[in-house]
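First to last, the sequence lines map onto chains A and F. The first sequence begins at 342 in the numbering used here and counts up by one. The second sequence begins at 65 in the numbering used here and counts up by one. Everything below concerns the one structure shown next.
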Amino acid sequence: MKHIISDQDLVEVNPMEPEGSINRTVPAAGGVLVASDVTFAYGSGPAVVKNVSLAVPEGAAIGIVGESGSGKSTLASLLVGMLTPTTGTITVGGRPWSSVRRRDPLRLAVQMVFQNPYTALNPRMTALRTVSEVYEACSGAAKAEASEHAREMLQRVGLTGLAIDKRPGEMSGGQCQRVGIARALAANPSVIVADEPTSALDVSVQAQILNLLSDLRQEQGIGLVLISHDLNVVSYLTDSAIVMRHGEVVEQGATDGLLNSPAHPYTRSLIDSVL
Amino acid sequence: MTQTLLLQASNVAIEIDGRQLVSSVDLAVNKGSAVGIVGETGSGKSLTCRAIAGSLPAIGGSITHGTLTLDGRDLTKPKAYADLYGRTVSLVPQNSLSALNPLMRIGAHLIETIKALDADDGLGPKNRAAQLLERVGLRDPERILRQYPHQLSGGMRQRVMIALAIAGRPKLLIADEPTTALDVSVQKEIVELLGQLTREEDMAMILVSHDLGVVSAATETVAVMYSGMVVEHGPTETILQHPRHPYTKALLEARPTIGRTGRLVGIPGAPASPDAWPSGCRFAPRCKYAQPACNEAVPTLEATDSGQFVACRRVHEIGALESAGAA
């Protein structure tokens, strides 16, 4: 079935207008990002996300597991405010996305890292420019200051020297994904939603990116929503997880318990399929 | 049981437009056996498959060094591939959506292939096409024959690709990352199907993957490639349980698995481009065991006491170092 996104489904996200220097704007208590009974349908089509609830406390890592068509990427778009729930609410810092105006700094609190690091970046921009542009737009800083800050962000994700002046076509997949993460960090987010961030990467590079996401969480208290079909990756990086099938949550709980003693037959079948 | 050699590659080098991208591949495949090739992007595993399947000329490539024989035929000679594809060797590609013609029904794909290979087994092309779809586990073949590729799921399309590949009853099936784009449950089904077909059709298989889990589930021996070379090969179980080459060890340490505790150990840096391959061991710049002497000459595969062949000049020392460390 073909799903069509109507204009009502789309809202503007991260308009990048100057708002002064960036401060972490979301309070720690009560869950930074909370989805309550969220249902979503594209246009007049059937619901692809049904009655999903989850909460991301500060610094927590939550995995969303499911197969193609389970609705996990749509849920990611809802969590970052790119789509508006048909019913239910998603709050960030206690406020529903619908009430967060485009100039509100709260818009920056949830950032996304995409699956394909090559197509997620502007092919004409260097790594440094990609990151500094975001910082400049978010903070209103001058170019020189934004550039200096972008260098720090890129260094934080392990890119230094000549690498920061390269464009996506000149970088490896792992380097591009690091730029994608640095770009998300440039907005000083409270939560990063990472949609299959390592599925396009080789095993050795995947380990580097997973360790980086783990470090960011532990050292900076950034919450993580990790969307993945790879249970090994979810096991490594998250404390709790939800399993989605046909848009519904079929099981949720602590990741260890869920993977070691799955209660739902679907979760069990997913675990049995891991080669 | 006596095993008959079907494919033998010895020190094979491959160039594309005058640029060497594979420099040394050693590989042996017995009739009816399943061999895995593991490696990361750019290691040369897909080019090796193309060389065996005879599709190098299509991308401006050629075998420039070494010997490659398949079913007694010398594949380094011009026109060696005539009448080979489909009957002796065939390929299941990675991306089934782009491999199928979006304007052709599934039935047309299969009937075209069956006619080209004269492989209808006396059933007539359409009946044979339906039989092939059933053979790869697709229910209601008559309906699927009438459908277009976009109407099938990724797993179903991959089954169609396998049906096309086995239409001519090849002796060797090459599956190049056949599960990469698929969900975990479908991945397992496809790997199991490939294993079942190799057993029941008395067909050998080369299974290419960057995923050690996929290879371990379906192969008896495995070759690990890095920067255009096979750096370790031997029994799959031995290599996964007791890897000897530092790269194979590092690959296993970098892989998250359910229940694993402790930090993953990534491999620092990235593989060198073929234009800048180091003069000695290509893994040396990223290897924690490397010494200056490792940069002097490219190591060749040598037999080890544990049953695998390893291209590392320090392989015996590393074993002793680790034993001492463990003690």
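For every residue, glycine included, the Cβ atom is placed at its ideal position computed from N, Cα and C. All figures in this text were calculated on a predicted structure; none of them were measured in a lab.
- Is the CB of residue 549 (chain A) under 7 Å away from at least one CB in chain C? Absent from the structure is chain C; the protein chains it does hold are A and F.
- What are the partner residues of residue 340 (chain A), as DSSP defines its beta bridges? The structure shown has nothing for residue 340 (chain A), since chain A only spans 342 to 616.
- Message: Please give me, in chain order, every unbroken run of the beta strand (DSSP E) with length at least 3 that falls completely inside the region 294-355 of chain F.
- Response: none
- Message: Which residues in chain A have a C-beta closer than 9 Å to the C-beta of residue 252 (chain F)? List them in chain order.
- Response: 613, 614, 615, 616
- Message: What residue range does the beta strand (DSSP E) around residue 475 (chain A) cover?
- Response: It is not in any beta strand (DSSP E) - residue 475 (chain A) instead sits in the alpha helix (DSSP H) that spans 468-480.
- Message: Counting only Cβ pairs nearer than 8 Å, list the residues of chain F close to residue 543 (chain A).
- Response: 104, 105, 274
- Message: Quick check on residue 598 (chain A): buried or exposed, where buried means 16 or more other Cβ atoms within 10 Å of its Cβ?
- Response: exposed
- Query: So is the beta-carbon of residue 150 (chain F) under 6 Å away from any non-hydrogen atom of the ligand COA?
  - Reply: No copy of the ligand COA occurs in the structure displayed, which carries no ligand at all.
- Query: Where do the ends of the beta strand (DSSP E) carrying residue 594 (chain A) lie?
  - Reply: 589-595
- Count the other C-beta atoms from every protein chain shown that fall within 10 angstroms of the C-beta of residue 147 (chain F), then say buried if there are 16 or more, exposed otherwise. exposed
- Tell me, please, which residues DSSP counts as bridged to residue 94 (chain F). F:69
- Message: Let me check understanding here. Comparing Cα to Cα, which of F:302, F:115, F:229 lies closest to residue 160 (chain F)?
- Response: F:229
- Under the assumption that residue 328 (chain F) contacts residue 468 (chain A) (Cβ atoms under 8 Å), give the Cβ distance between them as a whole number of angstroms. Residue 328 (chain F) to residue 468 (chain A), Cβ: 24 Å. No contact.
- Using DSSP bridges, identify the partner residues of residue 437 (chain A). A:432
- Is there at least one Cβ from chain A nearer than 7 Å to residue 247 (chain F)'s Cβ? yes
- Host beta strand (DSSP E) of residue 125 (chain F) (start-end): 125-134
- Item | Outcome for residue 246 (chain F) when other beta-carbon atoms lying within 10 angstroms are tallied against a minimum of 16 | buried
- Message: Is residue 560 (chain A) close to chain F? Criterion is C-beta to C-beta, closer than 7 Å.
- Response: no
- Taking 7 Å as the CB-CB limit, is residue 170 (chain F) close to chain A? No - not a single Cβ of chain A is within 7 Å of the one on residue 170 (chain F).
- Message: Taking only three categories from DSSP, how would you classify residue 285 (chain F)?
- Response: strand
- Message: Could you tell me which whole alpha helix (DSSP H) segments of length 4 or greater appear in the region 166-217 of chain F?
- Response: 170-181, 189-199, 205-209
- Nonlocal neighbours in the same chain, by C-beta distance under 6 Å from residue 459 (chain A), ignoring five residues either side: 509, 517
- Item | the region 380-398 of chain A in contact with the region 537-548 of chain A per 3-pair CB rule at 8 Å | no
- Query: residue 600 (chain A) CB to nearest chain F CB: under 7 Å?
  - Reply: yes
- What does a CB cutoff of less than 8 Å around residue 144 (chain F) pick up in its chain, not counting 5 residues either side in sequence? 118, 137, 138
- Item | C-alpha gap between residue 197 (chain F) and residue 212 (chain F), whole angstroms | 14 Å
- Using a C-beta to C-beta distance shorter than 9 Å, which residues of chain F count as neighbours of residue 572 (chain A)? Correct list: 248, 322.
- Message: Can you check whether the C-beta of residue 459 (chain A) is within less than 7 Å of a C-beta belonging to chain F?
- Response: no
- Minimum Cβ-Cβ distance from residue 637 (chain A) to chain F less than 7 Å: With chain A covering only 342 through 616, there is no way to say anything about residue 637 (chain A).
- Query: Who are residue 704 (chain A)'s beta bridge partners in DSSP?
  - Reply: Lying before the first or after the last residue shown, residue 704 (chain A) is absent from chain A, which here runs from 342 to 616.
- Query: Rounded to the nearest angstrom, how far is the Cβ of residue 454 (chain A) from that of residue 447 (chain A), given a contact under 8 Å?
  - Reply: Rounded to the nearest angstrom, the Cβ distance from residue 454 (chain A) to residue 447 (chain A) is 19 Å, too far for a contact under 8 Å.
- Message: Using C-beta distances below 8 Å, list every residue in its chain close to residue 550 (chain A), excluding the 5 sequence neighbours before and after it, in chain order.
- Response: Result list for residue 550 (chain A): 515, 518, 519, 522, 538, 539, 542, in chain order.
- Is there a Cβ from chain A that is less than 7 Å from the Cβ of residue 277 (chain F)? yes
- Does the distance from the CB of residue 563 (chain A) to the CB of residue 533 (chain A) come in under 7 Å? yes
- Message: Does any residue of chain F have a CB that is nearer than 7 Å to the CB of residue 608 (chain A)?
- Response: False, the Cβ-Cβ gap to chain F never drops below 7 Å.
- Do residue 222 (chain F) and residue 254 (chain F) have their C-beta atoms within less than 7 Å of each other? yes
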